[in-house]
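In my numbering, the protein residues as written are 221 to 330.
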């Protein structure tokens with residue numbers, strides 16, 4: 221009777237161990253899949269970081285070019301104004317001088 225009870229207990233423990241072993245194998249497989257996914261995501265993140273850094277550099281370079289262009293444009297306008305001031309005829313009227321409302325339109329468009 222005791223040997224029979226012991227056999228039943230051993231069978232139960234064996235089944236439980238097999239169930240736990242299957243669970244461990246399943247979890248191990250899931251973990252492997254997750255680790256592979258994490259590695260892939262890490263690689264994509266690195267690519268995005270690199271791309272972002274590149275875009276930031278390009279943005280900064282574009283800003284510098286824009287500022288430089290604005291400065292050059294301001295210099296040109298200053299020289300243009302100086303030239304117009306020097307080339308005024310004694311009468312004060314000339315067809316080559318821009319009309320004030322045209323200048324305002326050009327400035328508003330820019």
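The beta carbon of each residue, even a glycine, is placed where N, CA and C say it ideally should be.
Check, Outcome
"Distance, residue 243 Cα to residue 250 Cα", "10 Å"
"Local conformation of residue 342 per DSSP, three classes", "Because residue 342 is not part of the residues shown, which for the chain are 221 to 330, the question remains open."
"Span separating the alpha-carbon of residue 322 from that of residue 298", "With a pLDDT of 49 at residue 322, under the threshold of 50, the modelled position of that residue is not reliable, and the figure given next carries that caveat. Approximately 17 Å, taken between the alpha carbons."
"Residues near residue 173 in its chain [Cβ-Cβ closer than 8 Å; skip 5 each side]", "The chain is shown from 221 up to 330; residue 173 falls before or after that span and cannot be answered."
"Rounded straight-line distance, which links the Cα of residue 229 to that of residue 256", "40 Å"
"Contacting residues, own chain, Cβ-Cβ under 7 Å from residue 227 (five flanking each side not counted)", "none"
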